[in-house]
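One rule links them: number in this note's numbering = place in the sequence shown (from 1) + 18.
Just so you know, even glycine gets a beta-carbon here, dropped at the ideal spot from N, CA and C.
First the structure, in the form of structure tokens, and then the observations on it.
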Amino acid sequence: MMCVEAGRPLILTELDIIYVGRDDNQKFYTRVALGAYSNPMVLVHDNLTLDNVNFADPPLLNQFEKQKMSTNDTLDDRMKSNTSESEFKEHDMFIGFDHEETLQSLQMMKKRILLKCKEMLINIASSNRIVRSRNSRLSIDFEKVNKWKNIYFHERFHDNLAAYVHSLLAKDSEDEGFKIIVNTFSNINIYVESCLDGILTRQVDKISTFKSEAQLTARIKQFFE
19 MMCVEAGRPL ILTELDIIYV GRDDNQKFYT RVALGAYSNP MVLVHDNLTL
69 DNVNFADPPL LNQFEKQKMS TNDTLDDRMK SNTSESEFKE HDMFIGFDHE
119 ETLQSLQMMK KRILLKCKEM LINIASSNRI VRSRNSRLSI DFEKVNKWKN
169 IYFHERFHDN LAAYVHSLLA KDSEDEGFKI IVNTFSNINI YVESCLDGIL
219 TRQVDKISTF KSEAQLTARI KQFFE
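Take a look at the structure:
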């Protein structure tokens with residue numbers, strides 16, 4: 019995808035099925051599959067060169083062999099030990115939890131202890147799972163259950179978007195703003211501006227309306243001008 023947008027040379031072999039659909043000559047866009055659920059439109063750079071290799075010797079093809087590297091591969095033995103000792107096993111409790119990425123990513127944050135990692139995971143827990151935690155294996159330690167329940171409902175502002183934004187603004191001022199992602203089960207067509215009315219100046223956009231990263235960047239810059 020980066021090669022297509024940046025105009026870098028791209029070599030494809032034994033992928034005849036995608037050659038004919040690599041770009042739309044009318045609009046100069048192409049679709050790139052990223053995993054099982056993402057299929058974004060990508061702007062094709064004018065300088066993009068695509069070489070169709072019909073046949074190549076195996077030694078040459080081996081030079082272009084793809085290698086897979088996960089976040090877990092970047093951890094040292096101590097970090098891997100901390101990750102394996104985690105008691106978080108219920109993947110459906112944490113929105114977007116990935117066994118090979120989430121805990122490993124937390125380990126990359128230096129000077130953070132295990133307790134802080136758990137607090138960060140609590141931020142992405144769903145409220146109904148927190149309530150039902152009394153009936154889980156954690157129920158053998160009611161003090162621990164109540165501790166995380168109080169943190170979730172009284173310190174993390176999960177009631178509504180307005181309360182969460184107020185909590186951010188109440189903190190020390192950040193010159194560069196806040197980079198946050200809010201997960202919600204609300205309808206995609208909800209009127210977000212009404213949730214933030216009277217709190218701060220905002221600009222609401224839907225990612226699906228942008229055709230390229232350049233369009234998104236331009237829209238963000240427009241807000242700060």
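Same chain only: Cβ atoms within 8 Å of K229, ignoring 5 sequence neighbours per side: Y47, M59 and L61
V210, DSSP secondary structure in three states: helix
Beta-carbon contacts of L234 that lie in its chain and below 6 Å, excluding the five residues immediately before and after: F228
Under 9 Å between C-beta atoms of I148 and N201: no
Cβ neighbours of I217 in the same chain (closer than 8 Å, five flanking residues each side left out): A180, V183, H184 and L187
For F241, three-class secondary structure by DSSP: The answer is helix: DSSP assigns F241 an H, G or I state.
Short Cβ contact (9 Å threshold) for E119 with S88: yes
L133, buried or exposed, once every other Cβ within 10 Å from all chains shown has been counted against 16: exposed
C-alpha distance - T219 paired with F196, whole-angstrom precision: 14 Å
Proximity winner among D95, I113, E211 and N207, relative to I199 (alpha-carbon distances): Cα-wise, what sits closest to I199 is I113.
Spatial neighbours of A232 in its chain, beta-carbon cut-off 6 Å, leaving aside the 5 residues before and after: Take A232, set aside five residues on each side of it, and no residue of its chain has a beta-carbon closer than 6 Å to its own.
Close Cβ partners of R152 (< 7 Å) along its chain, the five nearest in sequence each way excluded: V163
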